[in-house]
Every structure is written in C-alpha cells, then in structure tokens.
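Protein chains in written order, with the UniProt record's numbering: chain A, 1 to 665; chain B, 1 to 665.
Beta carbons are placed, not taken as given, at the ideal position from N, Cα and C, and that holds for glycine.
Have a look at the structure below, then the notes.
Number of protein chains: 2
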Amino acid sequence: MTTTATTLKGQPLDRPALDSMLRRRMFYTPAFEIYGGVAGLYDYGPPGCSLQANIIDVWRKHFVLEEDMLEVDCSVLTPHEVLKTSGHVDKFADWMCKDPKNGEIIRADHFVEEILESRLKGDKEARGQKVEEKEEDPKKKKRKAKGVQEAVKLDDAVVQEYEEVLAKIDNYNGEELGELIKKYDLKNPASGVQPSPPVAFNLMFQTAIGPSSNLPGYLRPETAQGQFLNFSKLLEFNQGQVPFASASIGRSYRNEISPRAGLLRVREFLMAEIEHFVDPEGGKKHPRFHEVKDIELVLLNRTTQLSGKTHVEKISIGKAVADGIVDNETLGYFMARIHLFLKKIGVDQSKIRFRQHMANEMAHYAADCWDAELLTSYGWVECVGCADRSAYDLSVHAKRTGAPLIVREQRAEPLVVEEWEVELNKKKFGPHFKKDGKTVEAAVLATTQEQREALAKDLNEKGSITVEVAGVGDGKVEIPKDLITIERRTRTEHVREYTPNVIEPSFGIGRILYALMEHNFWTRASEGGDEARGVLSFPPTVAPTKVLIVPLSSNEQFRPICYKLSQRLRKLGISSRIDDSSATIGKRYSRNDELGTPLGITVDFQTVQDSTITLRDRDTTKQVRADEDKIIAAIQSVVDGSKEWKDVEAELPIFEGQEIEVATR
Amino acid sequence: MTTTATTLKGQPLDRPALDSMLRRRMFYTPAFEIYGGVAGLYDYGPPGCSLQANIIDVWRKHFVLEEDMLEVDCSVLTPHEVLKTSGHVDKFADWMCKDPKNGEIIRADHFVEEILESRLKGDKEARGQKVEEKEEDPKKKKRKAKGVQEAVKLDDAVVQEYEEVLAKIDNYNGEELGELIKKYDLKNPASGVQPSPPVAFNLMFQTAIGPSSNLPGYLRPETAQGQFLNFSKLLEFNQGQVPFASASIGRSYRNEISPRAGLLRVREFLMAEIEHFVDPEGGKKHPRFHEVKDIELVLLNRTTQLSGKTHVEKISIGKAVADGIVDNETLGYFMARIHLFLKKIGVDQSKIRFRQHMANEMAHYAADCWDAELLTSYGWVECVGCADRSAYDLSVHAKRTGAPLIVREQRAEPLVVEEWEVELNKKKFGPHFKKDGKTVEAAVLATTQEQREALAKDLNEKGSITVEVAGVGDGKVEIPKDLITIERRTRTEHVREYTPNVIEPSFGIGRILYALMEHNFWTRASEGGDEARGVLSFPPTVAPTKVLIVPLSSNEQFRPICYKLSQRLRKLGISSRIDDSSATIGKRYSRNDELGTPLGITVDFQTVQDSTITLRDRDTTKQVRADEDKIIAAIQSVVDGSKEWKDVEAELPIFEGQEIEVATR
C-alpha cells in the first residue's frame with residue numbers, strides 16, 4: 001500500500017509543477033481570476049471540461065445503463081421547508097472559530113489538525129528523524145512563516161496522544177474541538193492567540209425565491225433530496241418493482257468556511273449520486289453480489305480508527321460482508337462497483353482505500369458509511385461516499401407532508417395476524433365522556449398488546465377498566481363494559497407496506513478528476529536531457545482528446561489530408577485535434593503529452609505520395625507507420641479498449657524517422 | 001406558414017391531454033410537488049432527462065465538434081462586481097406591478113398583453129367572428145372567471161390601435177407600460193382595480209459567498225460572462241488565432257416575477273451558449289457562409305413589427321445578408337446553423353421563424369439580435385437567441401479590471417501612420433503651470449488631428465498657442481513655443497490590437513425540449529376506436545429510448561433472450577428497455593408510443609424455436625419479422641439515420657400476427 005503521493009512512475013510528486021502545467025494547459029483555472037478570484041470557485045477549460053464529460057460518460061454506462069437506473073434531473077433551488085425536514089437546516093454545518101486578534105475565520109477541525117501535525121513535525125526534527133515534506137497550501141505557508149514551528153521535542157506520551165487525536169479528528173464535535181484547543185493551547189501562528197470557541201456555521205447558500213422574498217430557499221447541498229421527493233413517481237415509473245435505483249448528475253453547493261486545497265475543496269461542484277431503494281427485510285441482499293464477491297478492497301474500519309490507528313487490511317468484499325465488517329450485501333456490492341469504476345477511469349489501484357465513518361462523523365441521516373478515499377499530495381481524500389441512509393429521508397418527508405413514500409407489495413402468502421383489538425361503542429362513548437371523548441379515545445387506542453391483554457381480563461372480571469389519561473380528571477378514567485370491547489381477533493393482510501431503505505453511492509466528480517490527474521502524471525527527461533517534460537497518461541477512454549493530428553510543416557498539401565483524417569475519426573466518434581501551428585513537431589507532441597492525448601498522427605511528404613501515416617504512442621513515444629486504413633483501425637481498437645499499444649506495435653511496422661528529427665531540433 | 005398550434009398530424013393540439021400524458025410518463029414533474037411545489041421549478045424524470053441528454057449530444061456534435069469550439073464549464077456563483085460591470089445589476093430587470101387591492105404581483109407587459117387580447121376577443125365575438133380558442137394557463141382562467149370579458153364591440157380604430165400595441169409589446173419600457181394601463185384603463189379582473197405603476201424588479205437570485213457574508217453574489221443569469229472573463233486564456237489555448245468560438249452548457253437562473261406557462265418560463269434552466277469571437281474589421285465575414293447561403297429562413301424583421309404588423313417573409317440567408325436585413329455573414333451563418341440544428345432534432349419546419357429584436361427590447365449589451373421562435377400552444381416562443389453583442393462585454397470587463405481582453409495580431413504589412421503629434425517639454429512645462437500642469441497637459445493631448453494642424457500653424461506664426469482648458473484661469477491658457485512641439489510625423493505599427501466582437505447563439509434547452517414534445521405529439525384512434533392514444537414521434541436520434549423489448553408473456557424461456565438482445569444493443573450504443581410487466585402487448589406498445597420509443601422488438605414462442613424476432617415501427621405500427629442479425633442491423637441503420645422505416649419494410653418480410661392479437665385483446 002502506497003502511503004505518500006507519487007507520480008505514475010513512482011517519482012516524488014512535484015505539485016507546483018503539476019499545478020502550473022494544468023493551468024497552462026487550461027485543465028482548470030480560478031474562476032473570476034481577472035477580478036482577483038473567489039476562493040473555492042474554479043472554471044474548467046477545454047481539456048478539463050472534456051475529461052469531466054468523459055468521466056461522466058463512463059459513470060453513466062457503468063452504473064445507470066448497466067443496472068437500468070432511473071436517471072432524473074432535479075431543481076438546485078430548494079425551498080427552506082424541504083431542507084428543514086431533511087435535517088440540513090439544523091445540522092449541515094461545520095465548526096468555525098474566529099481569531100479574536102486578526103479577525104481570521106478558521107475551520108476548527110482543520111486548525112487543530114494543522115497545529116498538532118506541525119508540532120509532531122517539530123518533534124521529529126528535534127529527534128533528528130527525516131521529515132516527509134508534504135506540500136502545503138499557500139495560506140498554511142503564510143501562517144508558518146509568521147509563527148515558525150520550532151523543532152521542539154515532545155514527550156513520548158504526548159506524541160502518542162496527538163497521533164490518537166489526529167486518527168479520530170473527524171469524530172469530534174464543536175465542544176470537543178474547543179476543549180482540544182484549550183487543552184493543548186493551540187494558537188493561531190499568524191496572531192499568537194487562541195481562536196474563539198467553535199460555533200456551528202451552516203454550509204448552505206441561502207437565497208429567496210420569487211419577487212416578494214417570502215419564500216426562503218437554498219442551493220441544494222446534495223442531489224439526493226430531489227430523488228427522495230420523487231420516490232412515489234419513480235416507483236410507479238418502475239411499475240412498482242423494488243429494488244430499483246434512481247441516479248442524478250448535477251451541481252451541488254456548500255459554502256465552505258475557508259476553502260483551500262484547490263479542486264479538492266470547492267463551493268460549487270458536480271456530483272453523481274445513486275439512491276438504491278431496497279427492502280429492509282431479509283438483510284439487504286443483492287442479486288448480483290456473487291459477481292463481485294471476490295474483489296479485494298483495502299478497508300480501514302471504525303474500530304481501528306477509534307483506537308487511534310490507521311492500519312488497513314486488504315480483504316475480499318465477500319469475506320468483509322460475511323465477517324460483518326461491511327454491514328450488508330447491497331452496501332458491499334456498491335463498494336465493489338465503485339472500486340471497479342475508479343479502476344476503469346484510471347485511478348491508481350495502490351492509492352484507493354475505503355474508510356468507515358466514525359459515529360460522530362457520520363452525516364445526520366446515515367446508518368453506516370464507507371468513503372472511497374484516494375491518496376493525493378493533500379493526503380487521503382474522500383472522493384466517493386457509500387452510505388446506508390436507512391429509511392431516514394423517506395420517513396421524515398412522508399411524516400412532514402403526508403405523502404405515502406412507501407412500497408405496497410402484494411403478499412405471496414397472505415399474512416394472518418392475531419391481535420388484541422379495541423372496539424368502542426361510539427354511540428355511547430361520546431355522550432359519556434363529552435368534551436374529553438377524543439382524549440380518552442386516543443389514550444385507549446394507544447395501549448400496547450400487553451396492556452390490552454390485561455385490560456381484557458379486567459373488563460371480563462370487573463365489568464369495567466381504569467385507564468390513565470393525562471389531563472382528564474385526576475388522570476385516571478373508568479370505562480364501563482358497555483362502552484368498550486377488547487377481544488383477541490384474527491385478520492388477514494394481503495398487502496405489505498414498508499418504507500424502503502436507501503443505499504447511496506455519492507461521487508464528487510471534481511475530486512475524482514483531480515486525483516486522476518495526480519495519479520496519471522509523470523515526467524520524462526527530454527531527449528536533450530535539459531528539462532523534464534510532463535505527461536498525463538490518461539487511459540484512452542477518459543483522455544480529453546484521443547488523437548492529435550500534426551502536419552509535418554505548414555505545406556499547403558498537408559491541410560486537406562489532415563482535414564479528411566479528422567472527418568474520418570469524427571464519424572467513428574473519436575475526438576481529434578489538428579495542430580498546424582508553427583512549432584516543431586517535438587514541441588507539438590510535448591504539448592499533447594501534457595494534454596494527455598494518447599495517440600498522435602503525423603502527415604508528411606511520404607503521406608502525399610503513398611497515403612501512409614505514422615502513429616505515435618504518448619507513453620512510449622514509439623511510432624508505427626502504415627496506410628491510413630490500418631492506422632485508423634489501430635486507433636479505433638486502442639480507443640475502444642480492445643487492444644493496447646504493444647499489440648499495435650507488434651502488428652504494424654515500427655517507424656523511427658521523425659523521432660530522430662524531433663531529437664535533433 | 002402555420003399560425004396555430006397543431007399536433008404532428010395537423011389535429012388541433014389538446015394541451016391538457018398532452019400535459020397529463022407527459023406527467024404520467026414522467027417526462028417532467030413539478031419540483032417539490034409533495035410540498036405543494038414552487039412556481040417555475042420542474043424536475044425531469046427518466047424520459048425527459050434522456051431526451052435532454054440526447055438534444056445536448058446532438059448540439060455538441062452539431063456545433064462544438066463540427067467547428068472545433070472550445071468548451072468550458074464555469075462557475076454559476078458569480079460575485080457582485082462581475083455582474084455590476086456587465087450591466088446586469090442595473091439593467092437585468094422586468095417591470096412589475098402590484099395589485100393594490102389583493103396584493104397580487106403582476107408582470108406588467110404580460111398583463112397589458114393579456115387584457116388587450118381579451119378585449120380583442122370580446123370584439124370578435126360581438127362581431128360574430130369565429131374565435132380561436134387559445135389554451136390558457138390556469139391563473140389566467142381564474143382571472144377570467146372572476147372578471148368575465150363581455151363580448152363588447154370596439155371601434156375599428158381601437159381594434160387597430162390594440163393590434164399595433166400588441167405587435168410591439170416587447171418594445172415598451174416601464175413608464176410606457178404604465179401609461180398604457182392608464183390610457184386603456186386596464187383593470188385586474190380578479191380585483192376590478194388598476195395595478196400600481198410598474199417598477200423594475202431585478203431577476204437575479206442573490207446570495208452571499210463565504211462565512212462572513214461580506215461577498216455578495218448572484219446565480220449567473222447566463223453562461224456568457226464566464227466565457228468572456230476567460231477570453232485571454234482561451235485565445236492563448238487557441239494559439240492566438242481568431243476567429244474562434246467558446247461554448248458552454250450549464251444552468252442559469254432568473255427569478256421570474258410570476259412564472260406560469262409550464263416548462264416555458266422557469267426560474268432554473270439549462271442553457272447552451274456559444275460565444276464566437278470575430279474581428280470587427282472586414283464586415284464580419286464567415287469562411288463557411290457559402291455552405292449555408294441557400295438555406296431559406298422565415299424572417300420577421302424589426303421594421304415590420306414597429307409598423308404594427310407581424311407579416312413574415314421566406315428568404316434565403318444569402319439574400320437576407322446581401323439585402324442588409326441580417327447585418328453580417330457571421331450572424332447569418334449562425335442563424336442558418338441554428339435552423340439546421342432545430343430541423344435535425346425534429347422541430348416542425350413550418351413552426352420556426354426568426355424575429356428581430358426591436359431597439360428597446362434588445363438586451364443592454366446587444367447591437368442586433370434575432371430570436372428563433374417556435375410555434376406552440378402558448379404562441380410563438382423565443383427558444384434560441386442569436387445576438388451580436390459587439391465588443392460590449394470584453395470592453396467593459398477590460399476597462400474595469402485592466403486585463404488585456406484583446407487580440408494582438410502581427411500585421412502582414414506594417415502600417416505606416418502619418419499624424420500630427422504633440423510633444424511637451426516636461427522640464428519647463430511642469431514648473432510653468434505648477435498645480436494646473438496635469439489639467440493643461442490632458443487638454444492638449446485630447447486635441448484632434450484637425451485642431452493640432454491649426455495649432456501647429458499658430459505656433460509657427462505667433463510663437464505661442466491658446467488652448468481651452470476648463471477650470472484653469474478664465475478657461476483659456478496660453479502656451480509659449482519653448483514648452484511644446486507640434487509636428488507631422490510618421491510611425492510604423494507592426495502589431496494590430498483590437499477587441500473582437502462577439503456573435504452569441506444562445507439556446508434555451510428546456511424551451512426547445514418542450515416545443516419538440518408539442519411538435520411531435522399526435523393521437524391515433526385505437527383499433528377498437530374507443531379512445532385516442534397519444535404518440536410522440538421523436539426522430540430516433542433524440543428519442544429517450546430507441547428500442548422496447550417485450551416478451552410475449554411472462555414465460556421463463558423469454559427472459560434470457562430479452563436480456564441477450566438488450567446486451568447486444570448496449571454494445572452498439574443503442575439504448576433499450578425490457579418491459580416484462582404483465583400488461584398486454586398492446587398496452588405495453590401504447591405505453592412506449594407515449595414514451596416516444598421508435599422501435600419495438602417482440603420475443604415470442606417462434607423466437608425460441610427459430611431465433612426470429614419481430615420489429616415494430618412506432619409511427620405506422622407496422623411490423624417485420626426476420627432473424628436476430630437482420631433485425632439488429634435494421635435497428636442500427638434506423639437509429640444512425642442511414643435508413644428510414646419504409647426502407648426496412650421494403651427489405652424484410654412483413655409480419656401481421658401480433659397486431660391482430662393486440663386488436664382482439
């Protein structure tokens with residue numbers, strides 16, 4: 001298991017170099033940069049936009065099409081009442097401190113983490129140990145610069161205590177974080193003082209819907225609620241059959257307190273969420289679990305974390321469910337499917353782990369939750385959540401609105417229920433109790449089966465019963481025999497009604513996209529050896545552009561050939577780009593290695609004569625030469641995944657002409 | 001040219017029937033319906049979501065890929081300053097009235113339109129003319145019910161006046177709308193009183209970004225601004241070459257005053273926008289204009305509308321540009337391309353017109369604008385805007401931020417400029433004028449070429465000049481010869497700098513989607529003749545699902561065959577759905593006619609024996625029968641557009657078995 005961020009080839013990851021390349025090639029760019037930018041808001045340029053679209057395309061095929069999920073597209077603007085009911089108005093918050101001296105607003109958990117990590121680092125230095133240089137964000141650096149952490153040695157016990165706190169940092173509430181700040185005297189290095197006690201800050205963006213400003217609303221913090229609210233219609237669309245899943249791809253919003261860490265912590269982001277509705281009875285089995293049971297995942301469970309450790313184990317999902325580490329088959333099935341998806345798009349297999357949420361960390365709605373975390377230069381980053389939301393959401397919305405968010409299922413065998421039933425003689429009951437009638441009735445109907453059995457006995461023996469009714473007389477009410485019957489009766493239920501449970505795989509597309517860029521980045525020495533050149537080795541499926549077409553020079557003869565090639569590729573659904581700029585072929589290939597374009601075609605003077613073209617592989621820089629049809633067929637098989645470059649190299653003649661030319665320029 | 005809404009087969013359009021079908025089949029549904037809904041917010045269910053994705057897919061291929069546009073994905077949250085600069089904070093507003101009696105909030109232009117149309121209708125009734133029943137929205141109906149319009153005959157002159165007002169209704173500002181309300185004594189039928197004078201209501205949703213609420217922001221009202229702000233980076237990405245276009249697909253938000261009219265007036269919507277950057281010199285020619293010049297469009301120009309008429313003419317775009325009806329080739333090129341796009345996705349060709357904006361109607365940034373309007377049961381609806389935004393946006397953002405949003409172009413021939421130049425003797429000039437130095441200098445440098453020529457003459461003849469400088473002395477300042485030189489000089493410019501103009505085709509995807517549903521809807525009598533059944537005859541390209549797979553019955557033998565067929569189709573990228581519900585085949589086909597699924601496969605007992613399957617055409621209900629390979633090949637050619645159903649029918653044996661069975665059930 002890898003523990004530090006590296007490039008695809010195992011080199012130490014130089015994040016500033018990667019970042020500068022990603023911005024130069026316009027994968028992404030700070031939004032509103034000419035106005036000074038806004039923290040946590042980014043725009044995607046053409047390659048980022050295309051990479052995102054390709055990831056979404058794979059996602060849709062892997063999940064929605066593969067399992068006939070019902071995709072919906074719901075409103076982002078959401079009225080207050082919906083999010084009040086879902087619990088987000090009251091509970092969707094982070095803990096925020098203010099620096100009393102310089103007014104800086106600080107996210108409490110990040111602050112505690114940062115200062116303790118910095119002390120541990122100082123301790124290591126004092127002990128003369130090698131310190132891993134984790135790349136820091138600029139603001140952190142600024143803080144450091146002002147309040148440099150001395151190399152101070154700590155007691156062994158203190159080191160262990162800090163490490164335990166860090167292992168469960170996500171488990172603390174605001175009060176506890178406040179106590180940690182006091183206990184360890186954590187000061188903001190920028191001001192030299194302790195920040196104020198943490199207060200809850202709700203992360204939803206608020207707005208008002210309509211001209212009279214009387215309908216407060218929010219930008220949704222997740223796409224899930226729209227899916228829950230449409231549950232009954234979706235069930236009907238699915239002709240009443242359960243289990244089924246809905247899915248949604250769309251933006252959500254979180255007003256992060258102090259977003260740093262680039263694309264990893266943003267205020268506006270694309271999510272892809274699945275809500276899989278399942279019968280809670282029968283242990284949440286999944287019919288296709290056998291297809292994935294042997295897939296091995298790296299798991300970091302709750303117990304390990306609470307004991308202050310971060311030890312992981314690699315285990316098949318079948319065993320993890322059998323051993324009760326993962327609660328049920330459906331949750332396990334989706335964890336394995338998430339793993340396969342991440343693999344398919346090119347995430348480094350040695351940089352994925354699934355971490356279970358601790359009790360306090362879990363969202364207010366979740367019964368269990370495992371995050372797929374990806375290792376980046378920012379550490380382990382939650383990229384996909386896989387939560388069991390139980391019946392929470394459907395229940396609260398049903399209760400609030402009266403809408404029947406339930407499944408009605410014809411029973412294969414009618415259910416025979418034998419129960420103590422209460423029947424009131426309405427004609428006499430009302431007049432007898434007058435204004436207290438409703439209250440007494442409610443109290444009687446609220447009795448349990450056990451109470452009813454005893455009451456039936458009393459009624460039989462004494463000819464009346466005494467029931468406790470708060471607020472009527474002295475709190476005890478006598479009901480004579482002629483007003484009430486309590487009997488054991490049998491009834492037959494043909495229909496079963498239940499609220500389904502929800503398993504929710506939830507994907508942060510931007511985080512996955514960023515991790516993917518780190519995992520596929522590496523540098524190679526240029527032929528002259530003077531500078532390292534960046535390469536993004538995306539799998540062809542997700543690469544922003546599949547083929548670069550370069551004419552050898554600006555000779556007019558090449559233009560129609562290039563155009564014809566791009567038209568042919570377009571017809572096959574393969575994206576290409578012609579680079580007929582005046583840069584050398586070598587520079588043009590370099591540019592496209594940085595853009596992650598897997599294949600390159602060169603059109604030269606020989607092409608004009610015999611219609612052969614060369615095909616270059618981004619990762620090996622090897623080239624083959626053949627006629628147009630063979631090259632196009634090779635491209636098609638590499639792009640659709642049926643062949644790899646080594647197959648192409650084995651089948652078509654190697655070409656070495658231009659590489660030499662590139663090297664000599 | 002069609003003038004009233006009809007179905008695909010020319011039947012009068014029954015909107016309530018269509019709407020109820022669209023909701024039943026979950027094309028769309030009011031958002032938050034179980035909470036009572038919010039006006040102007042809708043969710044798309046599975047077929048609507050898929051239809052939308054397919055429209056977007058065609059759009060991306062037709063525009064972005066075809067012309068190598070640079071697609072970007074920008075932030076929706078936008079800080080105040082950006083939209084202040086763009087003019088949206090001050091000018092992006094509708095005129096709003098309030099009913100002083102019942103508090104109703106009314107959009108002024110819609111109100112005037114509604115009441116005048118209602119009076120004209122009353123007049124027609126009084127004259128005994130046939131009145132076209134336009135389908136009304138529920139709120140309008142309510143208004144009517146309370147204040148029923150009597151059949152009152154109007155003077156001929158009044159009728160003409162009303163018609164002229166209606167033809168240019170989009171041209172009035174708030175004051176003018178207020179005058180119309182007074183002049184014609186327009187009362188809200190619901191209350192019997194005139195609404196208050198119109199006030200401007202800004203349509204942007206406001207929010208605050210960050211925890212300290214000190215950064216006010218809005219949800220973007222269009223995707224365009226993000227593209228403008230990234231102009232310099234996009235230009236660099238395009239290696240400095242102009243013209244080029246950026247494109248963006250994403251949600252935008254407008255806080256409509258009183259949204260009615262279903263999907264046509266919503267507060268949250270998907271836009272697809274292109275910003276084509278072009279050199280303003282040389283008449284905005286377009287290199288591919290010749291490809292489209294013979295395409296005929298239906299145009300309703302500004303002059304016609306201002307004369308109070310709605311007469312249209314059909315004219316080739318080549319002639320329209322040559323005659324100056326459409327300003328330039330680039331604008332004309334995109335109008336033709338928009339027309340082709342709408343045709344490709346299945347919009348009724350007889351229900352498209354292009355209407356030119358009138359001066360007051362035009363957005364604050366536009367120099368010229370033509371809307372592609374589609375005829376629906378709500379009348380003519382703006383679905384695509386095609387605006388010439390000139391250099392407005394790039395200029396204001398450059399001015400505000402100092403960012404160089406310009407193109408620098410090496411001149412093929414250096415430009416030699418001969419001009420009168422002013423040079424000051426700084427050493428003497430400052431001390432001479434002391435505190436007034438700067439003001440005098442600015443006044444001198446602001447002189448025109450003509451003025452300089454005269455001043456040079458004075459200087460030569462009199463040894464000094466007199467310049468008007470407001471605010472200095474008596475407003476006239478004398479400058480002696482030793483402080484200033486004015487000479488005719490020659491300089492050579494190698495680089496040309498200019499701010500490009502922007503042509504912006506802007507698509508409201510939801511409106512197009514709705515018009516498409518109306519245009520492709522029709523009903524056919526069922527075989528028994530008892531009820532009309534709805535059909536949505538979408539072209540295969542955009543149909544939500546391409547193939548329905550129905551097993552004849554729930555016999556277990558059919559299941560693996562259906563599954564295998566769906567897998568085969570999936571591999572070809574063709575979406576299918578298996579309907580193995582217990583409904584009759586006829587009912588299952590009906591359901592899919594309503595969903596717009598163009599083709600249906602039936603698996604029956606013969607399939608088990610000889611592997612032949614039947615293929616049914618949605619529009620004709622005709623069927624053919626052949627072996628699996630032939631049927632799959634037929635499906636593929638219909639879906640990719642290389643064949644039509646009549647070709648399939650000509651090639652494969654007709655099958656009549658099941659249709660009879662359907663009819664007899």
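Only those residues of the stretch 58-86 of chain A whose C-beta falls short of 8 Å from the nearest C-beta of chain B are listed: L65, D68, L70, E71, V72, D73, C74, S75, V76, L77, T78, P79, E81, V82. Contacts with chain B at 8 Å (Cβ-Cβ) do not include R408/A. Between E329/A and R353/A, the C-beta spacing is not below 8 Å. A check of alpha carbon separations from I34/A across D123/B, A403/B, F521/B, P560/B identifies A403/B as the nearest. Taking 8 Å as the CB threshold, A403/A lines the interface with chain B.
Under a criterion of Cβ atoms nearer than 7 Å, the residues of chain B adjacent to C49/A are, in order, E71, V72, D73. The stretch 99-109 of chain B and the stretch 85-95 of chain A do not touch, with fewer than three beta-carbon pairs separated by less than 8 Å. Contact check for E468/B and K476/B: beta-carbon distance about 6 Å, within the 8 Å limit, so the pair qualifies. Ranked by Cα distance from F277/A, the options K343/A, R489/A, T499/A are led by T499/A. Neighbourhood of P211/B in chain A, by CB distance below 8 Å: M96, I105, F201, N255, I257, S258, in chain order.
The stretch 394-410 of chain B and the stretch 38-46 of chain B do not touch, with fewer than 3 CB-CB distances between them shorter than 8 Å. Neighbourhood of Y35/B in chain A, by CB distance below 7 Å: P79, E81, V82, T401, in chain order.
A residue is called buried when at least 16 other Cβ atoms come within 10 angstroms of its Cβ; D388/B meets this threshold and is buried. For a Cβ distance threshold of 8 Å, residue set I34 of chain B lies close to H397/A, ordered along the chain. Minimum Cα-Cα distance from S307/B among the listed residues E161/B, E291/B, L154/B, V472/B corresponds to E161/B. If you compare the alpha carbons of F32/B, N173/B, W59/B with that of A363/B, the shortest gap goes to N173/B. If only complete runs of 3 or more residues are kept, the stretch 358-394 of chain B shows the beta strand (DSSP E) at 368-376, 379-390, in order along the chain. For C97/A, the secondary structure class from DSSP, reduced to helix, strand or coil, is strand.
With a threshold of 8 Å between beta carbons, L13/A makes no contact with chain B. For D43/B, the enclosing beta strand (DSSP E) stretches over residues 42-44.
At least 8 Å separates the beta-carbon of L331/A from that of C383/A.
Rounded to the nearest angstrom, the gap between the Cα atoms of L270/A and K587/A is 34 Å.
Rounded to the nearest angstrom, the Cβ distance from L186/B to F289/B is 46 Å, too far for a contact under 8 Å.
Runs of the beta strand (DSSP E) spanning 3 or more residues and lying entirely within the stretch 196-242 of chain B occur at 199-202, 206-209, 215-219, in chain order. Going by DSSP, S575/A is part of no beta strand (DSSP E) at all; its letter is neither H nor E. Residue pairing of P280/A in beta bridges, as defined by DSSP: absent, with no partner found. As DSSP reads the structure, A5/B sits in no beta bridge. Looking only at A261/A, Q567/A, A367/A, D436/A, the smallest Cα-Cα distance to D474/A is reached by D436/A. Using a Cβ-Cβ cut-off of 8 Å, A31/B counts as an interface residue toward chain A, since at least one Cβ of chain A sits closer than that to its own.
Between D94/A and L177/A, the C-beta spacing is not below 8 Å. Judged by beta-carbon spacing, H519/A lies within the 8 Å limit of L8/A, meaning their Cβ atoms are closer than that value. If you check each beta-carbon in the stretch 583-606 of chain B against every beta-carbon of chain A, the ones closer than 9 Å belong to A583. In chain order, S75, L77, I209, G210 make up the part of chain A whose C-beta sits under 9 Å from the C-beta of R267/B. Close to chain A, meaning a Cβ-Cβ distance shorter than 7 Å, is no residue of the stretch 520-542 of chain B at all. For I105/A, the enclosing beta strand (DSSP E) begins and ends at 105-107. Residue contact check for Y44/A against chain B: a CB pair falls below 8 Å.
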